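Position one of the sequence shown corresponds to residue 67 (our numbering), numbered consecutively onward.
Contents: one structure, followed by commentary.
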Amino acid sequence: MIKNSRMAKIAMFLLILIVFSSAASATMNVAVITDPTGQDPNGCAAGSQSFASNMFQSTFIFSQEHKMALLSGGEGTSDVRVAAIITALTQLQSNGTPEQVVSVAQNFEGIRLMAVNPTKGIAVGGDFQVYVVTVDSSSTIKIQPASGGVVSVPAGTRGAIIHLRNSEGNPKAGTADRVRLQTAMNIGKMIRDGYPATTIVSEAFGEVARDSGENHGGGAINLISGVTTGDMFTPEQLNDVGYEMDQPYSKVSSTGWSVGFPEANNYQVSPVDGSQLTTIYAYEALGNAITVSGDHPSVSVYGSDKKGLSEATSDVVSASVLRNGYDPIQIAKSINRAIDSGTIIGVEHVDTSDLNVKENIKAVGVYYTAAANGRTAPIWNLPIDSQVFDVLGNIQTIIGILLILLALFRSTLIKSFFRRR
């Protein structure tokens, strides 16, 4: 829920980023609606990526209360973009439609805003070059170019809007117009053929990354289920680029073990059972992260950013759900068994209180506590107090010192012994 106090915090956060970082701007914004009734848990999704750095500034802002995502970009300055975003959020808080929310962008030079709500449609306003995709009840696809002003996919319509331009310095500069059209055409075909919005957004990320070079995440959101990629692909450091969405992200086995790159380069098969590993590309990982289903829930991981942890946890949780349904006790047991077997490493055991299970939207949140002191596994839960081992360790240390002293002064001690006899 976005309230006035939160809007002030967002404004302050963005202003701090402006002070300490270089300007960032999403060059691809995409929003897709495949179920305008809002019933399909994967029926509406959106996201942003770019060749530019600091993509966490331009991914999206999401209002759970209004089920609306606001994406930003453009070639205007960062301070102007902040002002545009805050003005748009005011419209959103007043229950504005997507068209009303983005229309404020026309008052800010060089700024683009895109807003999407599952049942109210998609709109883009300000400075943009987009294709508007609609698919009617007879499965007829319409693709229309638009630039500047405000354009939209009306409420109750299956459709999409994609914006794309090339960043300065991108080696594939000049490809944006062609790739924008080609991606819009493929989006239209996928909507017509019944693919969910989350999959379509994922495929759009991959196509744009490969063909236009605008390939740094960014991230995406499933608006109906309210799950996002979080910081999976955003840059770890200020003034750096995010993860390249057309590059390998992790390797996963059929039994649930996984490892992220670059560590994945060291593995050809699972070290747990020798099963083959499948390479998952970043745009595919994005789709997996925001797509929910009965036997493959959306799994969000918190408390540790260790590479591969999210994928391993997702596989373990999905296997548990397939066997036992959305039972927190069974899910916790499955995760803890995976920790004990080394399938999941670097975190402590979990309890049901560490899980946020939402069966109605097929989502599971796992709140980990990272293992202390760089350990890969939790401390053993033994029936003997750990202080006993500290005492034993101290005793062993003393005995070791005595043995060393005996070795060093052996001849002296022996002579002293015989003299006393």
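Note that CB positions come from ideal geometry on N, CA and C, so glycine has one too.
Every value quoted in this text rests on a predicted model; they were computed, and no experiment measured them.
Residue i in three-state terms, based on DSSP
i: VAL199; result: strand
i: THR409; result: coil
i: ASP420; result: helix
i: ARG441; result: coil
i: HIS229; result: strand
i: ILE99; result: strand
i: MET180; result: strand
i: TYR433; result: strand
i: GLU329; result: helix
i: PRO211; result: strand
i: LYS317; result: strand
i: VAL383; result: helix
i: LEU304; result: coil
i: VAL358; result: coil
i: VAL293; result: strand
i: THR345; result: strand
i: ASP106; result: coil
i: VAL338; result: coil
i: GLU273; result: helix
i: SER144; result: helix
i: GLN159; result: helix
i: PHE511; result: This structure leaves residue 511 out entirely; the chain is present only between 67 and 487.
i: GLU377; result: helix
Among the options, the one whose alpha carbon lies nearest that of residue i
i: GLY285; options: ASP277, ALA330, THR300 and GLY279; result: THR300
i: SER116; options: GLU141, ILE127 and SER129; result: GLU141
i: GLY104; options: GLY292, PRO363, GLN396 and ALA330; result: GLY292
i: LYS496; options: ALA239, ALA221, VAL335 and ASP193; result: Absent from the structure is residue 496, since the part of the chain shown begins at 67 and ends at 487.
i: VAL338; options: GLY408, GLY353 and ASP297; result: GLY408
i: GLY279; options: ILE188, THR241, THR200 and ASP306; result: THR241
i: ILE287; options: ASP259, SER366, THR153 and TYR347; result: SER366
i: PHE122; options: VAL430, SER386, GLU302 and ILE151; result: GLU302
Assigned exposure category for residue i - 16 Cβ within 10 Å defines buried
i: LYS372; result: buried
i: SER384; result: buried
i: ASP145; result: exposed
i: TYR488; result: Because residue 488 is not part of the residues shown, which for the chain are 67 to 487, the question remains open.
i: GLY254; result: buried
i: SER316; result: buried
i: THR435; result: exposed
i: PHE79; result: Below a pLDDT of 50, predicted positions are generally treated as unreliable, and PHE79, at 49, falls in that range; the measurement from the model is reported next regardless. So PHE79 ends up on the exposed side.
i: GLY283; result: buried
i: VAL190; result: buried
i: ASP202; result: exposed
i: PHE455; result: Caution applies to PHE455, whose pLDDT of 47 falls short of 50 and renders its modelled position unreliable; the model cannot decide the point.
i: PRO164; result: buried
i: PRO237; result: exposed
i: THR295; result: buried
i: GLY235; result: exposed
i: GLU350; result: buried
i: GLU329; result: exposed
Cβ separation of residue i and residue j, assumed to be a contact under 8 Å, to the nearest whole Å
i: ALA437; j: VAL413; result: 6 Å
i: THR125; j: ILE257; result: Contact flag wrong, Cβ pair sits at about 23 Å.
i: PRO184; j: ILE290; result: 5 Å
i: MET180; j: LEU247; result: That belief does not hold up - the Cβ atoms of MET180 and LEU247 are roughly 18 Å apart, past 8 Å.
i: VAL198; j: HIS229; result: With a Cβ gap of about 10 Å, VAL198 and HIS229 do not count as contacting.
i: VAL432; j: ASP420; result: 7 Å
Below-8 Å beta-carbon distance, residue i vs any chain B residue
i: TYR261; result: Annotation note: the requested chain B is absent from the structure, which comprises a single protein chain.
Contact test: residue i Cβ vs the ligand ATP heavy atom, cutoff 7 Å
i: ALA438; result: By its list of ligands, the structure shown contains no ligand whatsoever, and the ligand ATP lies outside what it can speak to.
Across the segment 165 to 180 and the segment 209 to 220, are there enough close Cβ pairs to call them in contact, namely three or more that are closer than 8 Å?
yes
(Q) Using 8 Å as the cut-off, can you tell me whether the segment 152 to 159 makes contact with the segment 311 to 327, which would need three or more C-beta pairs spanning the two stretches below that distance? (A) no
- For the 8 Å Cβ check, are there 3 or more pairs between the segment 111 to 119 and the segment 259 to 273? yes
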